[in-house]
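Visitor:
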Amino acid sequence: MMSKIKVLPVIALLLLSIAVSGQAFKLNAQLLKTIDANYLKGRAQYKLMMKSLEPGRFPKTFEVKSNKLVTSDSGWWCSGFYPGTLLELYAQTKDPALLAEANRMLGLLEKEQYNKGTHDLGFMMYCSFGTALKMDPKPAYREILINSAKSLSTRFDPKVGCIKSWNGKPQDFLVIIDNMMNLELLFWATRVTGDSTYYKIAVTHANTTMKNHFRADYSSYHVINYNPETGAVQKKQTAQGYADESAWARGQAWGLYGYTVMYRETHDKKYLDQANHIASFVLNHPNMPKDKIPYWDFNAPNIPDALRDASAGAVMSSAFFELSHYASPKEAKVYFNTAETMLKSLCKAPYQSLPGTNAGFLLQHSVGHLPQKSEVDVPLTYADYYYAEAMKRYETYNSFK
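Under our numbering, think of the first position of the sequence shown as 5, with each following residue one higher.
#1: In terms of DSSP beta bridges, what is Pro-63 paired with?
#2: Is the beta carbon of Gln-253 less than 7 Å from the beta carbon of Asp-301?
#3: With a threshold of 8 Å on Cβ separation, who are the neighbours of Ser-349 within its own chain once the five nearest residues in sequence on each side are excluded?
#4: Mapping DSSP to helix, strand and coil, what is Cys-166?
#5: From Asp-161 to Ala-41, what distance separates their C-alpha atoms?
#6: Run through DSSP, which three-state label would Trp-80 get?
#7: For chain D, find out if any of its Cβ atoms is closer than 7 Å to the Cβ of Met-53; answer yes or no.
#8: What is the DSSP secondary structure of Lys-406, counted as helix, strand or coil?
#9: Going along the chain, which residues of its own chain have a beta-carbon closer than 6 Å to the beta-carbon of Tyr-94, five neighbours each way excluded?
#10: Find the nearest neighbour of Leu-352 within the set Val-338, His-369, Lys-51 and Ser-78, judged by alpha-carbon distance.
#11: Given this structure, state the Cα-to-Cα distance separating Asp-176 from Ile-167, to the nearest angstrom.
#12: By the DSSP assignment, the alpha helix (DSSP H) with Tyr-43 in it spans what residues?
#13: So, with DSSP's three-state summary, where would you put Glu-379?
#14: Could you compute how far the alpha carbon of Ser-224 sits from the alpha carbon of Tyr-261?
#15: Name the one or two DSSP bridge partners that Phe-218 has.
#16: Nearest to Phe-29 by CA position, among Asn-341, Thr-242, Asp-77 and Leu-384, is which residue?
#17: What number of angstroms, rounded off, separates the C-alpha of Leu-52 from the C-alpha of Val-196?
#18: Does the separation of the CB atoms of Ala-314 and Leu-276 fall below 7 Å?
#19: Taking the beta carbon of Tyr-222 as the centre, do at least 16 other beta carbons fall within 10 Å, making it buried, or is it exposed?
#20: When you compare only the Cα positions, how much space is there between Lys-240 and Pro-383?
#21: Where do the ends of the alpha helix (DSSP H) carrying Ser-322 lie?
#22: Using only the alpha-carbon positions, how far apart do Lys-45 and Thr-38 sit?
#23: Which same chain residues end up closer than 6 Å to Thr-212 when comparing Cβ atoms and leaving out the 5 residues on each side of it in sequence?
#24: What is the DSSP secondary structure of Asn-186, counted as helix, strand or coil?
#25: Could you work out which residue in Leu-91, Lys-173, Tyr-339 and Pro-359 is closest to Gln-238 when comparing CA atoms only?
#26: Compute the Euclidean distance between the alpha carbons of Gly-255 and Ile-181, then round it to the nearest angstrom.
#27: Could you check what DSSP says for Ser-357 in three-state terms: helix, strand or coil?
#28: For the alpha helix (DSSP H) containing Phe-85, list its first residue and its last residue.
#29: Leu-178 lies in the beta strand (DSSP E); which residues open and close that run?
#30: Mind checking Glu-92: buried by the 16 CB within 10 Å criterion, or exposed?
#31: The alpha helix (DSSP H) with Val-286 in it runs from where to where?
#32: State yes or no: is the C-beta of Gln-96 within less than 7 Å of the C-beta of Tyr-43?
#33: Quick check on the burial criterion: 16 or more other C-beta atoms within 10 angstroms. Buried or exposed for Asp-309?
#34: Determine the burial state of Lys-120: buried for a count of at least 16 other Cβ atoms within 10 Å of its Cβ, exposed for fewer.
#35: With distances taken Cα to Cα, identify the nearest neighbour of Ser-155 among Thr-135, Gly-360, Leu-187 and Pro-141.
#36: Along the beta strand (DSSP E) that carries Gly-372, what are the first and last residues, could you check?
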């Protein structure tokens, strides 16, 4: 049963303003102009995508060889990114066609609020309905998100101390680093309902992940397999990376972003420390390229000829912009400059799509799952979403609250 609360230190803490570095950085005038132009280009690109999208389907990627837009149903983990990006582009351009398409997609996605078969409801519902709620606080959106948080919470096991990620064999309890990104939905649910259950699940999951997912150098495994009866770690692996002991780039991005959110929502310094540790690993790695868009795996065997992952760069850029607000002045400058360099790189060739190409996607050269030869060197919806978020965070950087 959900426990209603009136006053708890946890909830009071949520209402505190976040202490920030207090620094303001001079924004690059040319980059600001580029971002403004990108919103207009993005509007045109997504209107192109709208024309190619079959009824009832959500975009996933684009196959260059077959010149085909690859799609999914609403149950795919990426389904929320397309309407979320549409809403971000609408907020900047006020093109009613983008809003109409976003609303159409939200209607298709709505039923997933009751989906208890996935851990990705944060991605699916908070990146879509959460974005919509910020722009238009409809009670219906609020209820959909609360139901989504309830569904996500059913996957939490107190014996393990985590939300179950992948559905595997009965003797396995699989948790992936990506799951850190779904906790924001739970924090939101506690704020609006006054129910601490969601908050406690998020914190417990983050603590268990911090204990078991990270190596001594603060790089992260992708997957931890727990014993569902005892909570003991059975195996550590990196399914979508080069090898179990390698540092899969997007996994490092999920961790960086996830623990930055943890600090924002709890103001607990151990999460800020963890985010800083992850940042240090990423920024000081000898295989980080000069343009700061990482190779798909920091330990890929064919560096410098290995594929880059624009999606990891977009997630990291957005995360570094936020983390810089919480860091010490010295760290803040490094994080801001890194995020700005990443964003500049994404805003031009070879990462940004040429107008009228790539089935309307904003970015190209992302890597989904190279070991399975799935979504390799292609555009991806989540790359676009976090790219749009990074642009917005840059434009509004000095008005951050």
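Where is the CB? At the ideal position from N, CA and C, for every residue including glycine.
Guide: Looking at the atomic coordinates:
#1: Per DSSP, Thr-75.
#2: First, the amino acid is wrong: residue 253 is Ala here, not Gln. The criterion of a C-beta distance shorter than 7 Å is satisfied by Ala-253 and Asp-301.
#3: Excluding sequence neighbours, Ser-349 sits near Asp-295, Lys-296, Ile-297, Gly-317 and Tyr-355.
#4: When DSSP states are grouped into helix, strand and coil, Cys-166 belongs to the strand group.
#5: Looking at the two C-alpha atoms, the distance is approximately 47 Å.
#6: In the displayed model, Trp-80 falls within coil according to three-state DSSP, outside both helix and strand.
#7: Absent from the structure: chain D. Only one protein chain is present.
#8: Examination of residue 406 is not possible in this model, given that the chain is present from 5 through 405 alone.
#9: If we look at Tyr-94 and ignore the five residues flanking it on each side, its Cβ neighbours are Leu-102 and Leu-103.
#10: The amino acid at residue 352 is misidentified as Leu; the sequence shows Lys. Answer by Cα proximity: His-369.
#11: Cα to Cα, Asp-176 sits roughly 13 Å from Ile-167.
#12: Annotation for Tyr-43: the continuous alpha helix (DSSP H) segment containing it runs 33-56.
#13: Residue state, collapsed to three classes: strand.
#14: Taken atom to atom, the span from the alpha-carbon of Ser-224 to that of Tyr-261 is near 13 Å.
#15: DSSP output for Phe-218 lists Ser-224 as bridge partner(s).
#16: Of Asn-341, Thr-242, Asp-77 and Leu-384, the residue nearest in Cα terms is Asn-341.
#17: In a straight line, the C-alpha of Leu-52 is about 37 Å away from that of Val-196.
#18: Going by C-beta atoms, Ala-314 is not nearer than 7 Å to Leu-276.
#19: When all chains shown are included, Tyr-222 counts as buried.
#20: Here the C-alpha atom of Lys-240 lies approximately 29 Å from the C-alpha atom of Pro-383.
#21: Per DSSP, the unbroken alpha helix (DSSP H) holding Ser-322 starts and ends at 314-330.
#22: Whole-angstrom Cα-Cα distance: 10 Å.
#23: Within the same chain, Thr-212 has close Cβ partners Gly-165 and Cys-166.
#24: Helix at Asn-186.
#25: Cα-wise, what sits closest to Gln-238 is Lys-173.
#26: Per the coordinates, the alpha-carbon of Gly-255 lies some 6 Å from the alpha-carbon of Ile-181.
#27: Ser-357 sits in coil when the DSSP states are folded into three classes, being neither helix nor strand.
#28: Note, Phe-85: alpha helix (DSSP H), 85-97.
#29: Under the DSSP assignment, Leu-178 falls in the beta strand (DSSP E) whose first and last residues are 177-180.
#30: A residue is called buried once 16 or more other Cβ atoms fall within 10 Å of its Cβ, and Glu-92 is buried on that count.
#31: From DSSP, the alpha helix (DSSP H) with Val-286 extends over 273-287.
#32: Less than 7 Å separates the beta-carbon of Gln-96 from that of Tyr-43.
#33: Under the 10 Å beta carbon count, Asp-309 is surrounded by fewer than 16 other beta carbons and is classified as exposed.
#34: By the neighbour-count rule (16 or more Cβ atoms within 10 Å), Lys-120 is not buried but exposed.
#35: Closest option to Ser-155, Cα to Cα, is Leu-187.
#36: Counted as a single uninterrupted DSSP element, the beta strand (DSSP E) harbouring Gly-372 occupies residues 370-373.
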